[in-house]
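Reading the sequence shown from the start, the letters are residues 335 to 654 in this note's numbering.
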Amino acid sequence: MSFSSNVKSELLHCFGEEPHCSISEMTAIINLCGQIIEKDNKICIKIQTENVTVARKFFTLIKKNFNIECSITVRRSSQLKKNRIYVLSVGDKSRRESMLKLLETCSLAYGNNGGLKLNNIKGLFYDVCCKKAYIRGAFLSSGSVNDPEKTYHMEFVVQDEYNCRDLMEVINSFGIDSKSIIRKEHYVIYIKEGEQISDLLNIMGAHVALMNFENIRILKDMRNNVNRKVNCETANLSKTITAAVKQIEDIEFIRDNYGLKKLPPALCATAMARLDFPDASLKELGAMMRPPVGKSGINHRLHKISEIAQQLIEGNGMIK
Ligand SMILES: [Zn+2]
C-alpha cells in the first residue's frame with residue numbers, strides 16, 4: 335500500500351469526539367466529492383468516489399449524525415483502467431424535511447445548476463476541533479501525500495475556486511503555508527515542506543503515519559547533514575591542495591631562475607619547508623620554523639614568495 339493510502343485507512347477510523355466535529359468532516363466530503371440533485375420535489379445528495387475508504391467513512395458519518403442510510407451502487411469507470419466507482423445516494427421524497435435539515439446543519443446551499451456551495455465555512459465550525467475534522471474529510475476525499483522517502487509533497491485537488499479558497503484558509507489557520515495552482519482545470523492546494531506535512535498529519539489525527547513520516551524524515555536529515563559535511567570538508571581540502579600546488583610552483587620557479595638562497599632568510603626557510611612538506615598545513619609549517627611562527631605569519635611569507643615569483647615571471651628581474 336502507498337503511504338497515502340496508509341494515511342487514508344488510518345483516518346477512516348479516526349473520528350472527532352463531538353457531533354460538531356463529525357458534521358464538519360462529513361461536510362468536507364460532501365463539499366469536495368458530492369453533488370445535490372433536486373428533482374420532482376426530491377432532494378438527493380450523491381457522493382462519487384473511487385476510494386472505498388471515503389465511501390465507508392461517509393456511510394458511517396451520515397448514519398451516526400442523521401441516522402440516515404445511504405444506498406450504495408458500484409460501477410466500473412468508463413476509462414481504460416476500469417476502476418470501481420462508489421456512488422452513495424442519500425435522500426428520497428419522504429425525507430425532504432430531513433434532507434433540508436441536513437443541508438442546513440452542514441451550512442450547505444444548492445444552486446439552480448445542481449451545484450453545491452458551502453454557505454459560510456466559518457459558521458460550520460464550532461471550534462478548532464471542527465477545523466481539524468474538516469481537513470481530515472478533505473484529505474480523505476481529495477488529498478494525497480508522497481512517500482517521505484521521495485520528495486515531500488502533500489496536495490488536495492479541488493474542483494472549484496471557492497472550495498479551494500475556503501480549504502486553504504482552514505489549512506493556513508494552523509500556521510501552515512499552503513499554496514495553490516491550477517492544474518488541468520482543477521485547483522490544487524499543495525504543501526512542500528516536510529515539517530508542515532508532519533504538522534498536517536498530526537492535525538488530521540493520523541498519528542501512526544506521523545510517526546513513520548518523522549522516522550524517515552530524521553534519517554533523511556541525518557543523511558543530508560553527513561553529505562553536506564563531507565562536501566564541505568572535501569571543498570576545504572581541495573582549496574588547501576590547490577593553494578599548496580601553486581605555492582610549490584612559485585617556489586620551484588624562484589629556485590630555478592633566481593635561487594632560494596638569495597631570498598631573505600625567513601622566506602628561504604619557509605620555501606624549503608614547503609618543498610620538503612607539500613602536504614603540511616600552514617600551522618604545521620609555522621611550527622617547523624625557528625623560532626616558530628603562527629598560521630598568519632606563514633601565510634604572509636608564502637604571499638610574499640608568490641609576489642616575488644610573479645615579479646620574476648613578469649621579467650622585472652628586480653626583487654624588492
Ligand atoms: Zn468540533
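Quick reminder that beta carbons are idealized off the backbone N, C-alpha and C, glycines included.
Given the structure is predicted, the values throughout are model-derived calculations rather than measurements.
{"Item": "Straight-line gap, Arg-551 to Gly-528 (C-alpha atoms, nearest Å)", "Value": "7 Å"}
{"Item": "Within 8 Å, strictly: CB atoms of Val-560 and Val-522", "Value": "no"}
{"Item": "Asp-555 classed as buried or exposed, judged by whether at least 16 other C-beta atoms fall within 10 angstroms", "Value": "exposed"}
{"Item": "Contact between the stretch 460–471 and the stretch 359–368 (3+ Cβ pairs under 8 Å)", "Value": "yes"}
{"Item": "Any non-hydrogen atom of ligand 1 within 7 Å of Ala-472 CB", "Value": "no"}
{"Item": "Every unbroken alpha helix (DSSP H) inside the stretch 528–559 [4 residues or more]", "Value": "528–538"}
{"Item": "Burial state of Cys-659 (16 or more Cβ within 10 Å)", "Value": "Nothing can be reported for residue 659: it is not among the residues displayed for the chain, which extend from 335 to 654."}
{"Item": "Inter-residue spacing [alpha-carbon to alpha-carbon] between Met-606 and Val-627", "Value": "15 Å"}
{"Item": "Beta-carbon contacts of Thr-439 that lie in its chain and below 7 Å, excluding the five residues immediately before and after", "Value": "Ile-357"}
{"Item": "Near ligand 3: Glu-352 beta-carbon under 7 Å from a heavy atom", "Value": "Among the ligands modelled here, namely ligand 1, ligand 3 does not occur."}
{"Item": "For Ala-614, the three-state DSSP class (helix, strand or coil)", "Value": "coil"}
{"Item": "Three-way DSSP call (helix, strand, coil) for Ile-647 in this model", "Value": "helix"}
{"Item": "Cys-355 - containing alpha helix (DSSP H), residue span", "Value": "353–367"}
{"Item": "Outcome for Ile-396 when other beta-carbon atoms lying within 10 angstroms are tallied against a minimum of 16", "Value": "buried"}
{"Item": "Heavy atom of ligand 1 within 7 Å of Tyr-460 beta-carbon", "Value": "yes"}
{"Item": "Ile-639 versus Gln-493, Arg-562, Glu-586, residue with shortest Cα-Cα distance", "Value": "Glu-586"}
{"Item": "Per-residue DSSP class, three states only, for Met-488", "Value": "strand"}
{"Item": "Nonlocal neighbours in the same chain, by C-beta distance under 7 Å from Lys-654, ignoring five residues either side", "Value": "Its pLDDT being 46, under 50, Lys-654 is placed unreliably by the model, and nothing is read from it."}
{"Item": "From Cys-566, Leu-553, His-487, Glu-352, residue whose alpha carbon lies closest to that of Lys-398", "Value": "Glu-352"}
{"Item": "Ile-588 beta carbon less than 8 Å from that of Ile-642", "Value": "yes"}
{"Item": "Nearest candidate by alpha-carbon position, reference Phe-547, set Gly-539, Leu-535, Leu-609, Tyr-460", "Value": "Leu-535"}
{"Item": "Proximity of Ser-512 and Ile-505 at Cβ, strictly below 8 Å", "Value": "yes"}
{"Item": "Cβ-Cβ distance between Gln-530 and Ile-510 below 8 Å", "Value": "yes"}
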